[in-house]
Amino acid sequence: MFASKWTARCLGLVFVTMIATAHHSFAIFDTAKTTKLSGTVTAFEWTNPHAYIEIDVAENGSTKHWSVEMGSPSILMQSGWKYKDLKSGDKITVTLNPLRNGQNGGLLIQATLADGRVLGNGPGRGPTAPAAAATPAAK
Amino acid sequence: MFSIKGRSVLLFLMCLGVAYAAVGQAPSTTTPDLNGAWGPYRGGRGADPRFTAPPASPIVLKAQYAKAWEERRAAATAATQRGEPLPTNGALCVPYGFPTMMSVAVYPVEFVQTAKQINVISEAFSEVRRIYLGKPQLPADEVPPGYYGRSVGRWEGDTLVVDTVGIRENVQYQVVPHSDQMRITERIRLVAPNILHDQITIEDPVYLEKPIVYTLAYQRLQNYEMVEFVCDNNREFVDEKGVVRMKVREK
Chain A
1 MFASKWTARC
11 LGLVFVTMIA
21 TAHHSFAIFD
31 TAKTTKLSGT
41 VTAFEWTNPH
51 AYIEIDVAEN
61 GSTKHWSVEM
71 GSPSILMQSG
81 WKYKDLKSGD
91 KITVTLNPLR
101 NGQNGGLLIQ
111 ATLADGRVLG
121 NGPGRGPTAP
131 AAAATPAAK
Chain B
1 MFSIKGRSVL
11 LFLMCLGVAY
21 AAVGQAPSTT
31 TPDLNGAWGP
41 YRGGRGADPR
51 FTAPPASPIV
61 LKAQYAKAWE
71 ERRAAATAAT
81 QRGEPLPTNG
91 ALCVPYGFPT
101 MMSVAVYPVE
111 FVQTAKQINV
121 ISEAFSEVRR
131 IYLGKPQLPA
141 DEVPPGYYGR
151 SVGRWEGDTL
161 VVDTVGIREN
171 VQYQVVPHSD
181 QMRITERIRL
191 VAPNILHDQI
201 TIEDPVYLEK
211 PIVYTLAYQR
221 LQNYEMVEFV
231 CDNNREFVDE
241 KGVVRMKVRE
251 K
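Residue numbers (my numbering), protein chains in the order written: chain A, 1 to 139; chain B, 1 to 251.
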């Protein structure tokens, strides 16, 4: 019960609260801009301090590669993610805040998986977790 | 002298004493149980204001250090606003150390409590500190500077009082510089069955005009299993301008 209350409170926080003491400042991303990409997953790295989705995006007859930064596995689990949710070859659509320096990278806001699920990126980023996944602590 | 019923009770109590002796020691009936995982308990909707953390004290450095500290903070803020954040220990996968490790974003901490020792594990970066109970503190200059220093604790009623010295100088709270004379005192107490407060007081006769006092509020996370956190895929790096960047893969 406390776990679910904890999760609910955490999900209610603004992301700024989280980044204030997070692994690094998120100022490298332009949070005023949103980019939407659809492509093919080439890698899903369930790692710390961040997980990453690598995506090939077809654009005007060529392929551009994007690196998408996520929260840590602990934070992603609060948004309903599981480490096997993506594999190479999966189709995916993501919205992200792009890097300010113009490189093909960004910070995930939310992802729409091939099975239709829409998953966020921790407190204040995208949809909250489905009820079953919102309490990773509950057994 | 004793009735049969009274003798039975006495015998039972003696057996209980023998049983406790057999396992080493009797469990305290008054020592609070801090075991388990604790997540941040913040204010806002649904929070009980009786249990949220009180405001922190202002950070007041001695006059000769205050200007440089304020300039460093202003430079860091300006760099962040430009989108060129300056490197921090965290961005480089260097542990936060104590006391910052007690409150990193939304990550929980876990208390592992025995009669002689309490270990506190932060999920972020899997940082561990050890609090030795019933041991005297060493003089600060006998403790090799480290990320967690040396912590000794004692129970004052229902409050665990912890004294820490020996924090290395690059481990800073709010980038406040400190000397090897810094001393951190915690008063850790259950303010409700599932709400824990850790009042942290930082004193440093060299750098601080006044002690820094702040409180962390936690709530118990029933059945939570701490998640592994090994910082082995850090794509943040410091470029030639000294600002933090993210490595982007070519394919």
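Where a beta carbon is used, it is the ideal one built from N, C-alpha and C, also for glycine.
List the residues of chain B whose Cβ lies closer than 9 Å to the Cβ of threonine 34 of chain A, in chain order. Against chain B, a Cβ distance below 9 Å from threonine 34 of chain A picks out nothing, because the smallest value is about 16 Å.
Bridge partners - alanine 217 of chain B, DSSP secondary structure assignment: The partner list for alanine 217 of chain B (beta bridge, DSSP) reads B:His197.
Can you find a CB in chain A that lies within less than 8 Å of the CB of threonine 80 of chain B? Under the 8 Å criterion on CB atoms, threonine 80 of chain B is classed as interfacial with respect to chain A.
For lysine 33 of chain A, which of A:Thr95, A:Lys82, A:Gly124 and A:Thr112 has the nearest alpha-carbon? Of A:Thr95, A:Lys82, A:Gly124 and A:Thr112, the residue nearest in Cα terms is A:Thr95.
Going along chain B, which residues have a C-beta under 9 Å from threonine 95 of chain A? Contacts between threonine 95 of chain A and chain B, judged by CB atoms closer than 9 Å, are missing: the closest CB pair is about 18 Å apart.
Please tell me whether threonine 30 of chain B has its Cβ less than 8 Å away from any Cβ of chain A. Output row for threonine 30 of chain B: interface = no.
Between isoleucine 200 of chain B and glutamate 186 of chain B, how many whole angstroms is the CB-CB distance? I'm expecting something under 8 Å. Cβ atoms of isoleucine 200 of chain B and glutamate 186 of chain B come within 8 Å of each other, at about 5 Å.
Closest residue to glutamine 219 of chain B among B:Val191, B:Gly39 and B:Gly149 (Cα-Cα distance): Ranking B:Val191, B:Gly39 and B:Gly149 by Cα distance to glutamine 219 of chain B puts B:Gly39 first.
Please identify the residue among B:Arg129, B:Ile167, B:Ser179 and B:Ile188 whose C-alpha is closest to the C-alpha of glutamate 156 of chain B. When only C-alpha atoms are compared, the closest one is B:Ile188.
Identify every run of the beta strand (DSSP E) within the stretch 163 to 190 of chain B, keeping only runs that are complete inside it and at least 3 residues long; order them along the chain. Annotation note: the stretch 163 to 190 of chain B contains no uninterrupted beta strand (DSSP E) run of length 3 or greater.
Terminal residues of the continuous alpha helix (DSSP H) containing alanine 76 of chain B? Per DSSP, alanine 76 of chain B belongs to the alpha helix (DSSP H) from 63 to 81.
So, leucine 108 of chain A versus glutamate 69 of chain A, is the Cβ gap smaller than 8 Å? Going by C-beta atoms, leucine 108 of chain A is nearer than 8 Å to glutamate 69 of chain A.
Expected contact under 8 Å - CB spacing of valine 102 of chain B and leucine 216 of chain B to nearest Å: Per the sequence presented here, residue 102 of chain B reads as methionine, with valine not at that position. That pair is a contact at about 6 Å.
Residue range of the beta strand (DSSP E) that includes methionine 102 of chain B: Per DSSP, methionine 102 of chain B lies in no beta strand (DSSP E) segment and is marked neither H nor E.
Beta-carbon of isoleucine 109 of chain A versus every beta-carbon of chain B: anything under 8 Å? So, not an interface residue.
For glutamate 236 of chain B versus serine 74 of chain A, is the C-beta spacing smaller than 8 Å? Contact: no.
Whole alpha helix (DSSP H) runs in the stretch 46 to 109 of chain A with 4 or more residues, listed along the chain? Complete alpha helix (DSSP H) runs here, min 4: 73 to 78.
Would you kindly work out how many angstroms separate the C-alpha atoms of lysine 67 of chain B and valine 57 of chain A, rounded to a whole number? Answer to the nearest angstrom: the Cα atoms are 50 Å apart.
With a threshold of 7 Å on Cβ separation, who are the neighbours of lysine 91 of chain A within its own chain once the five nearest residues in sequence on each side are excluded? So the qualifying residues of the chain are Thr40 and Ala114.
Could you tell me the distance, in whole angstroms, from the CA atom of alanine 27 of chain A to the CA atom of proline 32 of chain B? One C-alpha to the other measures close to 42 Å.
Who are the neighbours of glutamate 250 of chain B on chain A, taking C-beta pairs under 8 Å? Scanning chain A for C-beta atoms nearer than 8 Å to the C-beta of glutamate 250 of chain B yields His65, reported in chain order.
CA nearest to the CA of leucine 138 of chain B, picked from B:Arg129, B:Val152 and B:Phe125: Ranking B:Arg129, B:Val152 and B:Phe125 by Cα distance to leucine 138 of chain B puts B:Val152 first.
Determine, using beta carbons only, whether phenylalanine 29 of chain A and leucine 99 of chain A come nearer to each other than 8 Å. The answer is yes: Cβ separation under 8 Å.
Quick check on DSSP: helix, strand or coil for glycine 90 of chain B? Annotated three-state conformation of glycine 90 of chain B is helix, per DSSP.
Quick one: Cα of leucine 86 of chain A to Cα of valine 248 of chain B, how far? If you draw a straight line from the Cα of leucine 86 of chain A to the Cα of valine 248 of chain B, it comes to about 19 Å.
Sort out for me which residues DSSP pairs lysine 36 of chain A with in a bridge. Lysine 36 of chain A pairs with A:Thr95.
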